[in-house]
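In this note's numbering, the protein residues as written are 2 to 222.
Note that beta-carbon positions come from the ideal geometry of N, C-alpha and C, so glycine has one too.
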């Protein structure tokens, strides 16, 4: 189990010493993930909501940062279908392919694995996963399920990094998204209601079943 106590000048930005940390976007995620055991990524309008729909339909979801040649090669290597963007999906018949649209994903069947690229939530999730942090995707529709999954881990001493993904301006800078902040707050609120203590942390015993990866928790508020 990680020791969350501050040990550097960057402790304030890293929110070291806190059991539950929150910061925006990929840069914020990298800042607060150091010493965290689980990261909760929130991208309400696309990635994490679509993720929950796909998981409920029995699909294995692999996050990826961008839909480019590397994404196509990654999907082929995994034997997965590469999802298209929400706007591309508008010109295709519903259910004909997978996309970042939650509504379109709900009509897809017969697919076992997908690569779900996006420059926001998916990019953050894949980056955190590659850094060795266990990642869970959260949104408004699965906030309570996520909180119930997290609560025993927090009780065992786990440190959480909650990341509202936001969006990006054309120059790549962060564009905060209110819905992601609401989603992140809803997860933390549900965590408190689940009985988790989220104040300043003390180092705790190692939790069972830890490890790096990315996962979706099915919906059910």
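DSSP has residue 61 in a bridge; who is on the other side?
Answer is 114, bridged to residue 61.
Might you give, ordered along the chain, the residues of its own chain that have their beta carbon closer than 6 Å to the beta carbon of residue 66, omitting 5 neighbours on each side?
124, 127
At a cut-off of 6 Å, is residue 136 close to the ligand SAM when judged by its beta-carbon and the heavy atoms of the ligand?
Summarising the ligand content, the structure contains no ligands, and the ligand SAM is consequently not present.
Verify whether the separation of the beta carbon atoms of residue 226 and residue 22 is less than 7 Å.
What is shown of the chain runs 2 to 222, which leaves residue 226 out entirely.
Count the other CB atoms, across all protein chains shown, that sit within 10 Å of the CB of residue 177; report buried if there are 16 or more and exposed otherwise.
Classification for residue 177: exposed.
Please determine, among 27, 26, 28, 38, the residue with the shortest C-alpha to C-alpha distance to residue 19.
38
Tell me, which residues are paired with residue 153 by DSSP?
Beta-bridge pairing links residue 153 to no other residue.
Which term fits residue 64, buried or exposed, when burial requires 16 or more other beta carbons within 10 angstroms of its beta carbon?
When all chains shown are included, residue 64 counts as buried.
Between the CA atoms of residue 53 and residue 158 - distance to the nearest angstrom:
26 Å
Under three-state DSSP, which class holds residue 171?
coil
Note down the Cα distance separating residue 26 from residue 129, rounded to an integer number of angstroms.
11 Å
For residue 47, which three-state DSSP category applies?
Note: residue 47 maps to coil in three-state DSSP.
Other residues of its chain near residue 74: CB distance less than 8 Å, five sequence neighbours each side excluded:
For residue 74, same chain residues with a beta-carbon under 8 Å away, outside a window of 5 residues either side, do not exist.
In whole angstroms, what is the alpha-carbon distance linking residue 13 and residue 70?
Cα to Cα, the separation comes out at about 39 Å.
Return helix, strand or coil for residue 129, following the three-state DSSP convention.
helix
Taking just the CA atoms, how far does residue 41 sit from residue 188?
Those two C-alpha atoms are separated by around 9 Å.
Of the choices 165, 174, 191, whose alpha-carbon is the least far from that of residue 181?
Residue 165 is the option with its Cα nearest to residue 181.
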